[in-house]
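**Student:** Those letters in the sequence shown? Residues 4 to 167, per our numbering, in order.
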Amino acid sequence: MSIAQSIKHQDRLLTVNVKAGEIKNALPGVHVTPCYLDQDNGVWVIYARFDAGTLLPRHFHTGFVHFYTTAGSWNYVEHPEDVQTAGSYLFEPAGSIHTFSSEEGTEGFMFVQGANVNLNDDDSLMFIMDAGWIERTIHAVAEQTGQKMPRYIKPGADVKFSDQ
């Protein structure tokens with residue numbers, strides 16, 4: 004196969020400007036700009052803005068997370084000495100568990116593979132947040148509140164039988 008045969012044709016670049024819109028209060032105090040939501044492969048990329056005083060549920064990651072902080076600061080309750088500030092890059096391996104907290108507010112990019120298993124105080128299941136949950140939630144919040152859905156990249160293919 005030649006290189007020319009393996010090149011994928013693009014009519015335009017697949018690009019998203021995070022300043023073009025967000026879904027306000029996708030969760031209380033959490034404003035989300037979806038960039039890439041791939042339900043089939045369990046991958047999600049979002050730009051998130053967290054209000055001052057945000058405390059998220061303790062959660063377990065089934066896959067890895069890359070988080071690049073662009074403004075403000077935050078930390079995990081379990082690791083108060085490791086405050087993330089603008090310019091910080093954090094890698095979280097699959098299997099990590101922690102509680103996100105931001106006293107002053109923060110924002111940044113998250114690239115996540117897998118799901119966040121969110122827990123109640125007694126360690127029972129609260130809800131599972133993955134690419135599909137995020138997509139359904141932001142669409143529902145946008146519809147219920149009259150917000151305009153920002154454009155995002157949604158890969159995938161129709162599920163069908165192969166040709167014989």
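From the three backbone atoms N, C-alpha and C, an ideal C-beta is built for every residue, glycine too. Small disclaimer: the values here were computed from a predicted structure and weren't measured.
With burial defined as no fewer than 16 other Cβ atoms inside 10 Å of the residue's Cβ, what is the status of Tyr155: buried or exposed?
**Tutor:** With 16 or more other Cβ atoms within 10 Å, it is buried.
**Student:** Assuming Thr36 contacts Pro153 (C-beta within less than 8 Å), just tell me the rounded distance between them.
**Tutor:** 6 Å
**Student:** List the endpoints of the continuous beta strand (DSSP E) containing Ala143.
**Tutor:** Here Ala143 belongs to no beta strand (DSSP E); instead the alpha helix (DSSP H) covers 134 to 148.
**Student:** What number of angstroms, rounded off, separates the C-alpha of Arg139 from the C-alpha of Phe114?
**Tutor:** 18 Å
**Student:** Going by other Cβ atoms of all chains shown within 10 Å of its Cβ, with 16 needed for buried, is Gly75 buried or exposed?
**Tutor:** That one is buried.
**Student:** Please return the same chain residues whose Cβ sits closer than 8 Å to the Cβ of Ile137, not counting the five positions on each side in sequence.
**Tutor:** Ala29, Val35, Pro37, Leu40, Trp47, Ile49
**Student:** Among the candidates Gln147, Val21, Ser99, Arg15, whose CA atom is the shortest distance from the CA of Glu110?
**Tutor:** Measuring from the Cα of Glu110, the nearest candidate turns out to be Val21.
**Student:** If you reduce the DSSP assignment to three classes, tell me which class Val48 lands in.
**Tutor:** Three-state result, Val48: strand.
**Student:** Compute the beta-carbon to beta-carbon distance between Ile26 and Gln150, rounded to the nearest angstrom, for a pair I have assumed lies under 8 Å.
**Tutor:** 6 Å
**Student:** In the DSSP output, what is Gln87 paired with across the bridge?
**Tutor:** Trp77
**Student:** By the DSSP assignment, the beta strand (DSSP E) with Gln116 in it spans what residues?
**Tutor:** 109 to 116
**Student:** Cα-Cα, which of Ala23, Arg61, Gly24 is closest to Ile131?
**Tutor:** Arg61
**Student:** Look at the Cβ atom of Phe67, then the Cβ atom of Gly108, and state whether they are nearer than 8 Å.
**Tutor:** no
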